[in-house]
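A.B. asks: In the working numbering, the protein residues as written are 68 to 531. C-beta: ideal position from N, C-alpha, C; glycine also. If you scroll down you'll find the structure; I have some questions about it.
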Ligand code: CAA
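Written out as structure tokens, the structure reads:
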């Protein structure tokens, strides 16, 4: 049975901080953000928004657009790493908000949970709901999978320049107009790690930045190896001599903590895939330097990162490799369009991979490319850590969805924050009623109870 993404919608907060303003305030070269990391603007939540609000606003949008009633929805999952309760699942808050519009008890028949595994949990939620549909359990109903996050780092930390916020919702069913997932190829890797984590009660994560960058690439490559075996053994792909699995994917969407991480990860995967092929010889000749090898043959992350000489040489090699015509071609054709939205919005943790997918659809379609039948490969990563690689193909009715996509219009009107305003928001100095914007027809947070008996209860309204 087919199962996949029928439609996709986004909700991005209207406040943002500009990379140039941020760089100036922190004494950084703006080029480091814009060119080095690929960050131009970072979306920031207002005082009356939390990840549940962002998720509910995205859900309402996709339901109204598709004229769905709560009866049409069988499952509502929320995946997040910005959770604010250790027990009550975020989808229950979202149901509560949606029932303010659709009537109390309207979603009573529905099931679902909040899922957690840093940025990869949305991919697990998609996989589980796809299998719920494939198993014939959906009885004609749709599943909503919402990925919603506020990427917030300590002030003055190196992660602060890679913040962002927003939600992406995907409507899943057995006749998807957009993308049907390839069966029997989804591949995972998992390892107990401390690259990025957020202990109970802490609002911002503890991050080992360069370690997390390298771990991301290693874990995704491991999952890709498994994907490769499954794609070949299931008969989905047949590799001719001199070919790699990446030749069989028209697009690659990667997890994007910042947009250039997508390019870094692509270069890493392509290097590993091409190294065994005849084409590599030509590339080495073109680059003019041999690929460096770490001193420690065990190649642990610690030994690789500690090997300064190797790291410097490898950095130089990667830079030269990414400038080759062969890499530029694959980058422009398979990845570049997925990075556009990330540059304008920033990191969305769980949602960043799917914002990239949404971005790729819009900007490839705008080039006049017929996307029907094109295969998308997804490289999902969550710190702590786990990776997932999977794929799907674009369906004949995709145009119905993609032709109306307009990121620029969906983001507008945006309000550029001053550094003072941003820092006041970052330090949580204002209450929900002191919001900067007065939005209409959106769910907003009204208050969080502080009394002993009801501490933490959140009240939301739909702002008519
Ligand atoms: N002009 C142009 N480019 C410049 C520059 C300048 N003046 N100065 C630096 N750059 C370039 C650097 O060369 C580098 O490019 P390459 O990656 O191509 O080498 C890039 O800008 C970044 O510079 P640094 O590596 O020196 O940056 P940093 O160490 O200060 O911080 C970071 C980068 C480690 C990613 C940090 O932002 C961070 O800790 N971020 C949070 C963690 C994170 O995003 N990890 C990603 C993987 S884990 C994950 O994905 C989970 C998740 O969502 C968080």
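(1) If residue 128 and residue 76 are in contact, beta carbons under 8 Å, what's the gap, nearest whole angstrom?
(2) For residue 398, which beta-bridge partners are listed by DSSP?
(3) Could you give the distance in angstroms between the alpha-carbon of residue 355 and the alpha-carbon of residue 436?
(4) Considering only heavy atoms of ligand 1, does any lie closer than 7 Å to the CB of residue 112?
(5) Taking the alpha helix (DSSP H) that residue 292 belongs to, which residues open and close that run?
(6) Below 8 Å on the Cβ atoms is my contact criterion, and I expect residue 196 with residue 210 to pass it. Report the Cβ-Cβ distance as a whole number of Å.
(7) Kindly identify the DSSP beta-bridge partner or partners of residue 212.
(8) Any chance the CB of residue 280 is under 7 Å from a heavy atom of ligand 1?
(9) Along the chain, where does the alpha helix (DSSP H) that runs through residue 196 open and close?
(10) Report the option in 161, 240, 101 and 186 whose CA atom is closest to the CA atom of residue 141.
(11) Should the stretch 213-229 be regarded as contacting the stretch 441-460, the criterion being three or more beta carbon pairs within less than 8 Å?
(12) Please go through the same chain and pick out, in chain order, the residues whose beta-carbon is closer than 6 Å to the beta-carbon of residue 299, but skip the five residues on each side of it.
(13) Identify every run of the alpha helix (DSSP H) within the stretch 424-488, keeping only runs that are complete inside it and at least 4 residues long; order them along the chain.
(14) Mind reading off the beta-carbon distance from residue 332 to residue 454? Whole number of angstroms is fine, and I expect it under 8 Å.
(15) For residue 132 and residue 238, what's the separation of their Cα atoms in angstroms?
(16) Pull up the DSSP beta-bridge partners for residue 108, would you.
(17) Looking only at C-alpha atoms, which of 393, 194 and 105 sits nearest to residue 348?
(18) May I ask you to check if the CB of residue 324 is nearer than 7 Å to at least one heavy atom of ligand 1?
(19) Kindly indicate the opening and closing residues of the alpha helix (DSSP H) around residue 368.
(20) DSSP on residue 411, reduced to helix/strand/coil?
(21) If you follow the alpha helix (DSSP H) that residue 320 is part of, which residue opens it and which one closes it?
(22) What is the DSSP secondary structure of residue 158, counted as helix, strand or coil?
(23) Within a Cβ cutoff of 8 Å, which residues of the same chain sit near residue 504, ignoring the five residues on either side of it in sequence?
(24) If we ignore side chains and look at the alpha-carbon of each, how far apart do residue 242 and residue 162 end up?
(25) Closest to residue 296 by CA distance: which of 456, 411, 173 and 384 is it?
(26) Can you tell me the Cα-Cα spacing of residue 502 and residue 493, whole angstroms?
(27) Can you tell me whether residue 485 is buried or exposed? The criterion is at least 16 other CB atoms within 10 Å of its CB, across all chains shown.
(28) Measure the alpha-carbon distance for residue 221 versus residue 230 and round it to whole angstroms.
(29) On a Cα-Cα basis, can you pick out the residue from 413, 98 and 244 that is closest to residue 467?
(30) Residue 337 lies in the alpha helix (DSSP H); which residues open and close that run?
(31) In chain order, what residues of the same chain lie with their CB nearer than 6 Å to the CB of residue 190, ignoring the 5 residues before and after it?
(32) Quick one: measure Cβ to Cβ for residue 67 and residue 320, integer angstroms, because I've assumed they're closer than 8 Å.
(33) Could you check which residue in 74, 407, 401 and 359 has the C-alpha nearest to that of residue 384?
(34) Spell out the partners DSSP gives residue 510 in its beta bridges.
(35) Helix or strand or just coil, what does DSSP make of residue 391?
(36) Spell out the partners DSSP gives residue 74 in its beta bridges.
C.D. replies: In terms of the structure at hand:
(1) Between residue 76 and residue 128 the Cβ distance is about 5 Å, and since that is below 8 Å, they are a contact.
(2) Per DSSP, none; premise fails for residue 398.
(3) The C-alpha of residue 355 lies about 35 Å from the C-alpha of residue 436.
(4) Flag unset: Cβ of residue 112 not near ligand 1.
(5) Per DSSP, residue 292 belongs to the alpha helix (DSSP H) from 276-300.
(6) Taking 8 Å as the upper bound for CB-CB distance, residue 196 and residue 210 are in contact here, some 4 Å apart.
(7) Answer is 144 and 237.
(8) Result yes, Cβ under 7 Å from ligand 1.
(9) It spans 188-201 - the alpha helix (DSSP H) in which residue 196 sits, taken as one unbroken run.
(10) Minimum Cα distance to residue 141 is reached at 240.
(11) Output reads no: the stretch 441-460 does not touch the stretch 213-229.
(12) Scanning its chain for C-beta atoms nearer than 6 Å, with the 5 sequence neighbours on each side dropped, one finds no residue around residue 299.
(13) If we require 4 residues or more, the alpha helix (DSSP H) runs fully inside the stretch 424-488 come out as 465-469 and 474-478.
(14) That belief does not hold up - the Cβ atoms of residue 332 and residue 454 are roughly 10 Å apart, past 8 Å.
(15) Spanning the two alpha carbons is a distance of roughly 11 Å.
(16) Paired residues: 85.
(17) Of 393, 194 and 105, the residue nearest in Cα terms is 393.
(18) Yes, ligand 1 has a heavy atom inside 7 Å of this Cβ.
(19) Bounds of the alpha helix (DSSP H) holding residue 368 are 368-373.
(20) If DSSP states are grouped into helix, strand and coil, residue 411 belongs with the helices.
(21) If you look at residue 320, you'll find it isn't in any alpha helix (DSSP H); it sits in the beta strand (DSSP E) that goes 318-321.
(22) Per DSSP, reduced to three states, the secondary structure at residue 158 is helical.
(23) So the list reads 81, 82, 113 and 482, once near-sequence residues are dropped.
(24) Just so you know, the alpha carbons of residue 242 and residue 162 end up roughly 25 Å apart.
(25) For residue 296, the nearest C-alpha among the options comes from 456.
(26) So the alpha carbons of these two residues sit roughly 13 Å apart.
(27) The residue in question, residue 485, is exposed, as its Cβ has fewer than 16 Cβ neighbours within 10 Å.
(28) Spanning the two alpha carbons is a distance of roughly 10 Å.
(29) Among 413, 98 and 244, the Cα nearest to that of residue 467 is on 244.
(30) For residue 337, the enclosing alpha helix (DSSP H) stretches over residues 326-341.
(31) Hits under 6 Å: 447 and 455.
(32) No statement about residue 67 is possible, as the shown extent of the chain runs from 68 to 531 and does not include it.
(33) When the alpha-carbon of residue 384 is set against those of 74, 407, 401 and 359, the nearest one is in 359.
(34) Residue 510 is bridged to 529.
(35) Reduced to three states, the DSSP call for residue 391 is coil.
(36) Residue pairing by DSSP places residue 74 opposite 238 in a beta bridge.
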